[in-house]
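Residue numbering for the sequence shown follows my numbering, beginning at 4 and increasing consecutively. C-beta: ideal position from N, C-alpha, C; glycine also. If you're wondering where the values come from, they're calculated on a predicted model, not measured in any experiment. Report on the structure given below.
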Amino acid sequence: MEKKVNVSFFCQRCLQPLKLDSSFSSLGEHTLAELSLPIVASPEVELYSAGLDHIIPAFHLVDSGNGTNGFTLLGTQTDPGDLSHQMKITANLFDVVSSNSEIDHPLCEECTDSLIEMVDQQLKLTEDELHDYSQFLKKLQNESHLESVETLREELKGLQAEEDRVMYELKALQEEEKVVLKEYNSQEANRIRLELEEERYWKEYSKHRNEFILVEDEHRSVQCELAYAKNQLDKLKKTNVFNATFHIWHSGHFGTINNFKLGRLPSAPVDWSEINAAWGQTALLLTSLANKINFQFDKFILVPYGNHSYIE
Numbered sequence: 004m005e006k007k008v009n010v011s012f013f014c015q016r017c018l019q020p021l022k023l024d025s026s027f028s029s030l031g032e033h034t035l036a037e038l039s040l041p042i043v044a045s046p047e048v049e050l051y052s053a054g055l056d057h058i059i060p061a062f063h064l065v066d067s068g069n070g071t072n073g074f075t076l077l078g079t080q081t082d083p084g085d086l087s088h089q090m091k092i093t094a095n096l097f098d099v100v101s102s103n104s105e106i107d108h109p110l111c112e113e114c115t116d117s118l119i120e121m122v123d124q125q126l127k128l129t130e131d132e133l134h135d136y137s138q139f140l141k142k143l144q145n146e147s148h149l150e151s152v153e154t155l156r157e158e159l160k161g162l163q164a165e166e167d168r169v170m171y172e173l174k175a176l177q178e179e180e181k182v183v184l185k186e187y188n189s190q191e192a193n194r195i196r197l198e199l200e201e202e203r204y205w206k207e208y209s210k211h212r213n214e215f216i217l218v219e220d221e222h223r224s225v226q227c228e229l230a231y232a233k234n235q236l237d238k239l240k241k242t243n244v245f246n247a248t249f250h251i252w253h254s255g256h257f258g259t260i261n262n263f264k265l266g267r268l269p270s271a272p273v274d275w276s277e278i279n280a281a282w283g284q285t286a287l288l289l290t291s292l293a294n295k296i297n298f299q300f301d302k303f304i305l306v307p308y309g310n311h312s313y314i315e
């Protein structure tokens, strides 16, 4: 019957079970110390690795079973039959290797081959880049050596001439800047003056505008009064003063002036005071008409005196 093999480790990439080589069970302290060093060397690491050759393995005292003292001095003692101890050493070894690289361990043979192939490709790309950079560096170094000192002097003279020209232009621009700044200050002062004048103008405009509105209102009021006066004048012009003052009409058989009867009848007696008032109004009317037309009576003079009017 074939002997069964206990499997305790798996590939960290494909997770296939691994059968470790028998050499893992016979690793010495010197080998473990070298495997624990980082991959990228540094001065401290190199010094430490150089001192590994002088490491003296620890010794153990065991009971000899005979002799006077009963102990014997031995070298490194490891019990090959202690499986747990070997597993612990192997696990620690894989942890140390994983901590010193970007790849977790352990790996199977197929994954190791593919990883080596990938690393070889990266190495080839890196070597190609290094070769390109080296060629470019050589080209730059050769070009720098080909340039003569005379060429550099000519270039320096050209740069100095360019600097002089730029400095001259800079000085001219600075002078122009002063002129422009002076003109700007003048224009700014003029702008402030114009703004003050504009503000004063608007104040005066507002004042005159208010005065104009008041005068316009007053003018409209005067126009209304004038229109009313003209209307009244037209009415007065169209009105007969004598008709308005002396209303001549009749009442029954009697003529009337301002509602005063001018006579009486036996059948219709009228008070003499009313008749006298009517004839007084008549005398006043005749006198007014005579004065209106500048007429003067030759043989008599009318004296209007109310109901006591008389003729001279």
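In the three-state reduction of the DSSP assignment, V244 falls in the helix class, which pools H, G and I. Annotation: C17 to C114 spans about 7 Å, alpha carbon to alpha carbon. Here DSSP, grouped into helix, strand and coil, assigns L21 to strand. For N310, the beta-bridge partners assigned by DSSP are Y308. Within the model, the alpha-carbon separation for Q299 versus L292 is close to 10 Å. In this structure I314 does not touch T285 by the C-beta definition: roughly 11 Å separates them, more than the 8 Å allowed.
Following the DSSP letters along the chain, one finds S254 inside the beta strand (DSSP E) bounded by residues I251 to S254.
Counting along the chain, the unbroken alpha helix (DSSP H) around G283 starts and ends at W275 to K295.
In summary, L287 is buried, with 16 or more beta-carbon neighbours lying within 10 Å of its beta-carbon over all protein chains present. Note that the C-beta distance between S312 and G266 is not below 8 Å. Residue range F257 to I260 is occupied by the beta strand (DSSP E) that includes I260.
Annotation: I278 to V244 spans about 23 Å, alpha carbon to alpha carbon. Under the 10 Å beta carbon count, A280 is surrounded by 16 or more other beta carbons and is classified as buried. About 6 Å separates the beta carbon of H256 from that of L268, a gap short enough to meet the 8 Å contact definition. One Cα belongs to L289, the other to F263, and the distance between them is close to 16 Å. By the C-beta density criterion, P272 is exposed, having fewer than 16 other C-beta atoms within 10 angstroms. Within the DSSP bridge table, the entry for F12 names L21 as partners. Note on geometry: alpha-carbon atoms of A230 and I216 lie some 21 Å from one another.
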